[in-house]
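Chains as they are written, first to last, in the numbering used here: chain F, 11 to 284; chain Y, 36 to 347.
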């Protein structure tokens, strides 16, 4: 009996290893590619851990390609779009939950179904008409298509479950709606704000299609920048893998560090931007 | 799931305890919503309407636009490249729904057991869907390389000859589906895991007393009860696979030739390579209708099954 139990346990461990390994091995290989010289990256059979590490792959990423500028662009676009998304979306989630107007969230659902390009074509024409394309504004504005729905969707759910009795007590004490929202409702809904912040940041940071159309040379975000490294510059795998890792590392760290919040948020609305 | 956030297909059912009606207080909450209404109106609703308007115009960037009625839509009917892209999109979508659904359910059953280090393992498992798609695509492109790629080396270990992967028209779609599956199986896993967590314990206890096997328990207890969750996962996966862009564009740009050109990729070319935004908008409208139609079909299926299961 206990032997059977041990076998079951071993089987389970093996099964877990099997399902986690595609993700694990991929990222290990990504790291391996990024720290190898060209000669090792072209070796057959492939080498996992090289004798000599090519740390210069990482330094060369930052030295060339305006990489720091693109990093800054990404931070500005994602930061501004997320911040604005929260400023607009958190009160909206509160209002919709309190007015029992959940049906209005259908717009968010339809937006979730709409292909990103059908937002992009009209807004591209507008931005072009207004001569805004050399600046970061078009990207900040269009990233609201990603961040605002995520925030509203998640916040409706959180405010639905926060107890209304506290708010009623505050009202009896003479607080107005704005004070109730700021002092009573928002502090309770903090976990929801954290979840929507994290998911907004990730999906805005990862967005590629908006940037590929709207960005000029000076206003590229990181995903667009690494895509251009692939297509226009001499393809050497080490620096390319290093750049790819640098771009996605902030998101991966956030994913592992905040996986509980992310799981809660994703299963809640299965939100995904763009 | 500790949060009672509305799930994407039905806010009502999964929502927490209803608040008492606050009819008299309703109007006073409008100020909270107005800023969001302005933003949603500007960046979401306006583009919808504008796209519709452009789709009935001959509209190319740099050329005067003019009303052409349904000409753009008629052109779609005879556009072989569009029709081919439609077929490709549907087969790409079918594969990209089925594979993650199967693997994700399997993974959820495994993750639903008591494991040491479950949290960190789940964190790793979820990484592919959170990582930046373009960064992922770059590494996959290297792995697909026919001479230097690790995938052909791994195949050679099990005695399979080298493949062309994304560099051959016949294998490009399955190869891209492989990436899509790798990326999105975790989302299916999370949704099904949420379903498994909500299952009651009693049926399993009585089934054990009756001597049911593990498979029988899955087939007759677990599976019927997680069908609603599988349908949610199917719907989300269908929408996302139809819209898939980053991975395909970054790895193949629709190539070789047009062998992996889905509707979304073709739409991109028409609008931003040929700058034919009128025609592109017509494609966008038809594409949008396709997505909505498939989603409604799945919602209908979901309602039917919940009716069959007697909980509607």
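Glycine included, each C-beta is placed from N, C-alpha and C at the ideal position.
Since the model is a prediction, treat every value here as computed from it, not as a measurement.
Within the same chain, 90, 107, 108 and 111 come within 7 Å of residue 317 of chain Y by CB-CB distance, once the 5 residues on both sides are set aside. By the Cβ-count criterion, residue 284 of chain Y is buried, with 16 or more other Cβ atoms from all chains shown falling within 10 Å of its own Cβ.
Close partners of residue 63 of chain F in chain Y (Cβ separation under 9 Å) are lacking, with about 18 Å as the shortest Cβ gap. Looking from the CA of residue 109 of chain F, the closest CA among Y:219, Y:63 and Y:224 belongs to Y:63. Of all residues in the stretch 302-334 of chain Y, only 302, 303, 306, 307, 312, 315, 316, 319, 322, 323, 326, 327 and 330 place a beta-carbon less than 7 Å from a beta-carbon of chain F.
Proximity to residue 220 of chain Y across Y:140, Y:120, Y:74 and Y:83 peaks at Y:140, based on C-alpha coordinates. Residue 85 of chain Y reaches chain F at 132, counting residues in chain order whose Cβ is nearer than 7 Å. Listed in chain order, the positions of the stretch 106-124 of chain Y with a beta carbon within less than 9 Å of a beta carbon of chain F would be empty, since no residue qualifies.
Interface with chain Y (8 Å Cβ-Cβ cutoff): residue 26 of chain F is included. By the neighbour-count criterion, in which 16 or more other beta carbons inside 10 Å mark a residue as buried, residue 248 of chain F falls on the buried side. As DSSP reads the structure, residue 93 of chain Y sits in a beta bridge with Y:101. For residue 300 of chain Y, the CB contacts under 8 Å within the same chain, skipping 5 residues up- and downstream, are 120, 280, 283, 284, 288 and 289 in chain order.
Counting other Cβ atoms within 10 Å of its Cβ, residue 310 of chain Y stays below 16 and is therefore classed as exposed. Within the stretch 200-214 of chain F, the residues whose Cβ lies closer than 7 Å to some Cβ of chain Y are 212, listed in chain order. For residue 157 of chain F, the uninterrupted alpha helix (DSSP H) segment begins and ends at 147-171.
Under the 8 Å criterion on CB atoms, residue 63 of chain Y is classed as interfacial with respect to chain F. Ranked by Cα distance from residue 169 of chain F, the options F:155, F:192, F:183 and F:276 are led by F:192. A Cβ of chain Y is located within less than 8 Å of the beta carbon of residue 34 of chain F.
The beta-carbon of residue 277 of chain F is placed less than 8 Å from the nearest beta-carbon of chain Y. For residue 226 of chain F, none of the residues of chain Y pass the 9 Å Cβ criterion, the least Cβ distance being about 14 Å. For the stretch 147-164 of chain Y, the set of residues with a beta-carbon nearer than 8 Å to any beta-carbon of chain F comprises 148, 150, 154, 155, 156, 157, 158, 159, 160, 161, 162 and 163, in chain order. Excluding its 5 nearest sequence neighbours in each direction, residue 217 of chain Y has C-beta neighbours in its own chain below 6 Å: 163, listed in chain order. Shown here, residue 77 of chain F sits in a helix according to DSSP, grouped into three states. Within the model, the alpha-carbon separation for residue 247 of chain Y versus residue 157 of chain Y is close to 30 Å.
The alpha-carbon separation between residue 186 of chain Y and residue 37 of chain F amounts to approximately 14 Å. Residue contact check for residue 229 of chain Y against chain F: a CB pair falls below 8 Å. Contact annotation: residue 226 of chain F and residue 126 of chain F have beta-carbon atoms that are not nearer than 8 Å. Contact between the stretch 127-146 of chain F and the stretch 167-186 of chain F is not established, with fewer than three Cβ pairs separated by less than 8 Å. Looking at F:258, F:61 and F:41, the one whose alpha-carbon comes closest to that of residue 84 of chain F is F:258. Contact check between the stretch 73-89 of chain Y and the stretch 112-124 of chain F: three or more CB pairs, one atom from each, fall below 8 Å, which counts as touching. Within the stretch 123-152 of chain F, 123, 124, 125, 126, 127, 128, 129, 130, 131, 132, 133, 134, 135, 136, 138, 151 and 152 place their CB atoms closer than 9 Å to a CB of chain Y, listed in sequence order.
Against residue 70 of chain Y, the close residues of chain F are 97, 98, 101 and 102, in the order they occur along the chain (beta-carbon pairs closer than 8 Å). Under the 10 Å beta carbon count, residue 50 of chain F is surrounded by 16 or more other beta carbons and is classified as buried.
For the stretch 281-298 of chain Y, the beta-carbon criterion of a distance under 9 Å to any beta-carbon of chain F is satisfied by 281, 284, 285, 288 and 298.
As for any beta strand (DSSP E) of minimum length 3 sitting wholly inside the stretch 175-235 of chain F, there is none.
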